[in-house]
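Student:
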Amino acid sequence: MNTFALPPPPPRPAGLRRRASDLLYTRRGLLLLLLLAPPLLWFGVIYLGSLIALLANAFFRLDDFTGQVVREVGVSNFVALFDPANLDAARRTIVMAIAVTLACTVLAFPLAYFMARHARGWSKAALYIAVMLPLWSSYLVRLYAWKLLLAKEGAISWAAERLHLSWLIEALLATPLVGGPSLSFSTLGTFIVFVYMWLPFMVLPVMASIERIPASTLEASADLGAPPLTTFRRVVLPLAMPGVAAGSIFTFSLTLGDYIIPQVIGDSTLYIGQVVYRQQGVAGNIPFAAAFSLVPIVVIGVYLWLAKRKGAFDAL
Amino acid sequence: MTAAVTLDGVGCTFGHGAGAVRAVDGVDLTIAAGEFFTLLGPSGSGKTTVLRMIGGFTLPTAGRVWIGGQDVTLAPPYARAVNTVFQDYALFPHMSIRDNVAYPLMVRKVDRATRERRAEELLALVQLPGVGARRPAQLSGGQRQRVALARALISEPQVLLLDEPLGALDLKLREQMQSELKALQRRLGITFLFITHDQHEALSMSDRIGIFNAGRLEQLGTPRQVYDTPATRFVAHFVGAANVLEGEAARSLTGHAQAMLRPERITLGEAVGARAAGPVCEVQFFGAFTRIKVETAGTRVQADLPLAPGAVMPEPGQTVHLHWNNGAVHALSAAA
Numbered sequence: 120m121n122t123f124a125l126p127p128p129p130p131r132p133a134g135l136r137r138r139a140s141d142l143l144y145t146r147r148g149l150l151l152l153l154l155l156a157p158p159l160l161w162f163g164v165i166y167l168g169s170l171i172a173l174l175a176n177a178f179f180r181l182d183d184f185t186g187q188v189v190r191e192v193g194v195s196n197f198v199a200l201f202d203p204a205n206l207d208a209a210r211r212t213i214v215m216a217i218a219v220t221l222a223c224t225v226l227a228f229p230l231a232y233f234m235a236r237h238a239r240g241w242s243k244a245a246l247y248i249a250v251m252l253p254l255w256s257s258y259l260v261r262l263y264a265w266k267l268l269l270a271k272e273g274a275i276s277w278a279a280e281r282l283h284l285s286w287l288i289e290a291l292l293a294t295p296l297v298g299g300p301s302l303s304f305s306t307l308g309t310f311i312v313f314v315y316m317w318l319p320f321m322v323l324p325v326m327a328s329i330e331r332i333p334a335s336t337l338e339a340s341a342d343l344g345a346p347p348l349t350t351f352r353r354v355v356l357p358l359a360m361p362g363v364a365a366g367s368i369f370t371f372s373l374t375l376g377d378y379i380i381p382q383v384i385g386d387s388t389l390y391i392g393q394v395v396y397r398q399q400g401v402a403g404n405i406p407f408a409a410a411f412s413l414v415p416i417v418v419i420g421v422y423l424w425l426a427k428r429k430g431a432f433d434a435l
Numbered sequence: 100m101t102a103a104v105t106l107d108g109v110g111c112t113f114g115h116g117a118g119a120v121r122a123v124d125g126v127d128l129t130i131a132a133g134e135f136f137t138l139l140g141p142s143g144s145g146k147t148t149v150l151r152m153i154g155g156f157t158l159p160t161a162g163r164v165w166i167g168g169q170d171v172t173l174a175p176p177y178a179r180a181v182n183t184v185f186q187d188y189a190l191f192p193h194m195s196i197r198d199n200v201a202y203p204l205m206v207r208k209v210d211r212a213t214r215e216r217r218a219e220e221l222l223a224l225v226q227l228p229g230v231g232a233r234r235p236a237q238l239s240g241g242q243r244q245r246v247a248l249a250r251a252l253i254s255e256p257q258v259l260l261l262d263e264p265l266g267a268l269d270l271k272l273r274e275q276m277q278s279e280l281k282a283l284q285r286r287l288g289i290t291f292l293f294i295t296h297d298q299h300e301a302l303s304m305s306d307r308i309g310i311f312n313a314g315r316l317e318q319l320g321t322p323r324q325v326y327d328t329p330a331t332r333f334v335a336h337f338v339g340a341a342n343v344l345e346g347e348a349a350r351s352l353t354g355h356a357q358a359m360l361r362p363e364r365i366t367l368g369e370a371v372g373a374r375a376a377g378p379v380c381e382v383q384f385f386g387a388f389t390r391i392k393v394e395t396a397g398t399r400v401q402a403d404l405p406l407a408p409g410a411v412m413p414e415p416g417q418t419v420h421l422h423w424n425n426g427a428v429h430a431l432s433a434a435a
């Protein structure tokens with residue numbers, strides 16, 4: 120028989136180190152507390168604290184004459200939210216967020232499905248990099264790149280002209296509500312760039328949720344008589360819903376909060392983020408900016424509640 | 100009798116060129132309607148690939164597959180009159196048990212009332228009444244197994260494919276499910292194609308067994324035939340315990356070039372008329388029998404001695420005399 124002598128276990132450290140390690144081993148609660156204290160402090164004090172400070176500000180008001188914040192509790196800011204101009208910005212932002220989320224879902228699903236179920240080896244790596252690569256470069260660089268692409272003399276107009284498709288772009292720009300003088304000065308352009316910016320945030324969670332579906336589950340569906348479309352509707356889609364829900368929280372909330380994209384690309388109509396930015400920056404009206412920044416929070420809350428009621432998280 | 104499933108020279112090769120793996124190689128097989136047929140073989144022998152080709156999940160690279168007289172070689176799974184009980188059960192986690200069982204009826208657009216009634220009937224058939232409202236995650240492994248069975252049976256398929264369905268269950272439950280499956284198959288008259296690597300399961304449940312090794316069918320026969328007269332050395336080893344003797348030992352003990360001797364056919368006795376004698380080198384107690392290994396004729400022969408009342412088992416080192424009938428020896432063809 121082969122004799123193999125296992126080395127003896129290392130000697131236990133003596134003194135303080137040993138006492139500390141014994142204490143942490145026997146008192147699991149203490150260990151947990153030590154591990155969780157830094158993230159809880161960060162989250163509780165810095166993150167939630169600043170959020171609460173912001174919300175508290177929403178109940179103060181700005182003295183128009185002195186430009187000073189008056190620390191008296193009132194709801195004047197919330198009343199001001201219902202001014203037609205502010206309602207308009209909120210409505211425009213929410214409609215844009217919904218449109219961007221839907222477009223991202225439709226574009227991301229086939230890609231995510233392919234990456235999760237068919238891509239192997241190098242093709243999977245290449246697709247991963249293709250999805251992630253834009254996130255490695257600056258948001259502003261990509262945004263101004265799109266400005267060049269979408270401009271009147273930009274690459275897209277040029278390509279459309281060469282392909283004799285200028286009429287198509289003209290027709291799109293002539294469409295009321297989304298059109299404008301050029302792609303880079305239209306709601307359509309804003310929409311295109313939003314979809315581009317947030318697409319990776321939809322692809323990755325949807326892919327992860329599709330990857331978690333066992334192959335045998337899909338085989339069982341086909342085996343039991345379901346043609347591919349039925350399998351997709353009854354099995355793949357419900358099981359991928361948590362991923363779509365997670366991705367849509369990203370695309371939805373990122374669109375609600377962004378103030379740079381609509382400023383660089385789009386007509387001069389305002390989105391929630393821009394209103395908040397102007398109120399707290401140029402106007403110095405922090406109380407009103409705080410009140411307006413509540414709108415996306417409430418909208419996301421309602422959205423999550425609806426998603427839960429519709430059963431988006433049932434497969435979790 | 101009509102054939103439920105016919106495989107005609109079916110083969111399956113994965114990959115191309117030098118890295119290609121031939122998982123299944125030229126299998127010819129006819130399974131009669133109403134038969135309980137088992138494919139028995141070790142892991143990686145290709146038996147699951149055969150089942151997947153019948154189910155339609157893997158397409159054969161050679162030969163043709165017929166189900167109920169129809170050529171389905173290239174038909175998709177949903178167009179085949181077979182249903183599968185998967186090894187991992189593959190229940191739909193987001194549906195209730197009732198919706199899982201009724202799934203085949205739902206995709207065939209049967210109305211809800213009929214669906215629910217049939218689902219309850221099938222759940223009663225597999226002895227799981229009243230769990231319809233629960234989710235798969237709330238059931239035990241054995242219960243999930245029954246749900247998978249009910250779901251596969253609800254559309255009354257011609258053939259039921261079972262891919263090692265009892266593998267994940269503990270021994271007691273497995274034995275119970277074995278007899279229940281067998282009883283169910285007799286009652287419904289459906290053809291069962293059962294895949295297992297467990298020889299006891301294969302021997303106790305099947306009408307016929309096909310023994311699979313390295314992508315080929317080694318032997319086809321009733322449980323008794325494959326046990327008593329294994330066609331090859333592999334079958335002799337794989338089904339039951341066996342002394343496979345070769346060379347000098349085979350010639351001196353049996354007179355054949357290669358032969359098989361089942362351990363339970365050997366008895367201990369007097370020196371007079373003994374076939375072999377030698378020292379006991381190992382004694383293992385198994386409960387119903389005791390297995391001893393005896394050094395003789397340059398090899399080790401194992402004998403299973405039943406636990407008779409008052410029987411005294413030999414000690415290691417003790418010399419014993421082995422007896423057996425001529426009928427206990429089965430000659431194996433030297434080629435295999």
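So the sequences go chain by chain: A and B.
Sequential numbering from 120 applies to the first sequence in the working numbering.
Sequential numbering from 100 applies to the second sequence in the working numbering.
Even glycine gets a Cβ: it sits at the ideal position worked out from N, Cα and C.
Being a predicted model, the structure only gives us computed values, none of them experimental.
Indicate whether at least one CB of chain A lies closer than 9 angstroms to the CB of glycine 154(B).
Tutor: So yes, glycine 154(B) belongs to the interface.
Student: Is there a Cβ from chain B that is less than 9 angstroms from the Cβ of glutamate 330(A)?
Tutor: no
Student: Looking at the unbroken alpha helix (DSSP H) that takes in phenylalanine 385(B), where does it start and where does it end?
Tutor: Premise fails: phenylalanine 385(B) is in no alpha helix (DSSP H) and is neither H nor E.
Student: Tell me the rounded alpha-carbon separation between asparagine 307(B) and phenylalanine 228(A).
Tutor: Sequence inspection shows arginine at residue 307(B); the asparagine mentioned does not correspond to that position. Spanning the two alpha carbons is a distance of roughly 47 angstroms.
Student: Is the Cβ of histidine 115(B) closer than 9 angstroms to any Cβ of chain A?
Tutor: So no, histidine 115(B) is outside the interface.
Student: Give a yes or no on whether 9 angstroms exceeds the smallest Cβ distance from asparagine 182(B) to chain A.
Tutor: By this cut-off, asparagine 182(B) is an interface position.
Student: Throw me the rounded Cβ distance for the phenylalanine 411(A) and leucine 200(A) pair, which I believe falls under 8 angstroms.
Tutor: 7 angstroms
Student: For proline 413(B), which of Thr137(B), Asp187(B), Leu319(B), Gln383(B) has the nearest alpha-carbon?
Tutor: Among Thr137(B), Asp187(B), Leu319(B), Gln383(B), the Cα nearest to that of proline 413(B) belongs to Gln383(B).
Student: Within the 9 angstroms Cβ cut-off, does histidine 193(B) reach chain A?
Tutor: yes
Student: At a Cβ threshold of 9 angstroms, is phenylalanine 291(B) touching chain A?
Tutor: For phenylalanine 291(B), the answer is no, since every Cβ of chain A falls outside 9 angstroms of its Cβ.
Student: Residues in the same chain with beta-carbon distance under 6 angstroms from leucine 268(A), minus the five sequence neighbours each way, listed in chain order, please.
Tutor: Ala274, Ile275
Student: By the three-class DSSP mapping on this structure, what secondary structure does aspartate 306(B) have?
Tutor: Three-state result, aspartate 306(B): coil.
Student: Can you say whether phenylalanine 184(A) is buried or exposed, counting buried as having 16 or more other CB atoms within 10 angstroms of its CB?
Tutor: Here phenylalanine 184(A) is exposed, its C-beta having fewer than 16 other C-beta atoms within 10 Å.
Student: Whether or not the stretch 310 to 329 of chain A and the stretch 358 to 365 of chain A are in contact is what I'm after, with contact meaning three or more pairs of Cβ atoms, one per stretch, closer than 8 angstroms; do they touch?
Tutor: Output reads yes: the stretch 310 to 329 of chain A touches the stretch 358 to 365 of chain A.
Student: Does DSSP put valine 419(B) in a helix, a strand or coil?
Tutor: strand
Student: Shorter than 9 angstroms from the beta carbon of serine 276(A) to some beta carbon of chain B?
Tutor: no
Student: If we require 4 or more residues per run, which alpha helix (DSSP H) segments fall completely within the stretch 244 to 281 of chain A?
Tutor: Entirely contained in the stretch 244 to 281 of chain A, the alpha helix (DSSP H) runs reaching 4 residues are, in chain order, 258 to 269, 274 to 281.
Student: Nearest-angstrom Cα distance between aspartate 403(B) and glycine 241(B)?
Tutor: 34 angstroms
Student: Would a C-beta distance cut-off of 9 angstroms place glycine 231(B) and arginine 207(B) closer than the cut-off?
Tutor: no
Student: Could you list the residues in the stretch 156 to 182 of chain A with a C-beta less than 7 angstroms from some C-beta on chain B, going in chain order?
Tutor: none
Student: By Cβ distance below 6 angstroms, which residues in the same chain neighbour alanine 430(B) in space, the five residues on each side in sequence not counted?
Tutor: His355, Ala358
Student: Could you please give the first and the last residue of the uninterrupted beta strand (DSSP E) stretch that includes asparagine 182(B)?
Tutor: Per DSSP, asparagine 182(B) belongs to the beta strand (DSSP E) from 181 to 184.
Student: What number of angstroms, rounded off, separates the C-alpha of tryptophan 424(A) from the C-alpha of threonine 172(B)?
Tutor: 49 angstroms
Student: Please specify which runs of the alpha helix (DSSP H), each continuous and at least 4 residues long, are wholly inside the stretch 201 to 252 of chain B, giving them in chain order.
Tutor: 211 to 224, 240 to 252
Student: Taking Cβ-Cβ distances shorter than 8 angstroms, what residues in chain A pair up with arginine 189(B)?
Tutor: According to the sequence as given, residue 189(B) is alanine; it is not arginine. Near alanine 189(B) (Cβ distances below 8 angstroms), the residues of chain A are Pro333, Ser335, Thr336, Glu338, Ala339.
Student: Alpha helix (DSSP H) containing threonine 336(A): first to last residue?
Tutor: From DSSP, the alpha helix (DSSP H) with threonine 336(A) extends over 334 to 342.
Student: Please classify proline 322(B) as buried or exposed, where buried requires at least 16 neighbouring CB atoms within 10 angstroms.
Tutor: buried
Student: Can you give me the C-alpha to C-alpha distance between alanine 251(B) and arginine 211(B), rounded to a whole angstrom?
Tutor: 18 angstroms
Student: Is glycine 344(A) close to chain C, meaning its C-beta is less than 9 angstroms from at least one C-beta of that chain?
Tutor: Absent from the structure: chain C. Protein chains present are A and B.
Student: Decide if the stretch 102 to 116 of chain B is in contact with the stretch 224 to 243 of chain A; the criterion is three or more beta carbon pairs, one per stretch, under 8 angstroms apart.
Tutor: no
Student: Mind pulling the chain B residues with CB within less than 9 angstroms of proline 357(A)?
Tutor: Phe191, His193, Met194
Student: Taking only beta carbons into account, state which residues of the stretch 194 to 216 of chain B come closer than 7 angstroms to chain A, listed in chain order.
Tutor: Tyr202, Pro203, Val206, Arg207
Student: List the residues of chain A whose Cβ lies closer than 9 angstroms to the Cβ of proline 175(B), in chain order.
Tutor: Ala341, Pro346, Pro347
Student: Rounded to whole angstroms, what is the Cα-Cα separation between tyrosine 202(B) and leucine 343(A)?
Tutor: 7 angstroms
Student: How far does the beta strand (DSSP E) with arginine 315(B) in it reach, from first residue to last?
Tutor: 315 to 320
Student: Just the C-alpha distance for glutamate 345(B) and threonine 353(B), rounded to the nearest angstrom, thanks.
Tutor: 10 angstroms
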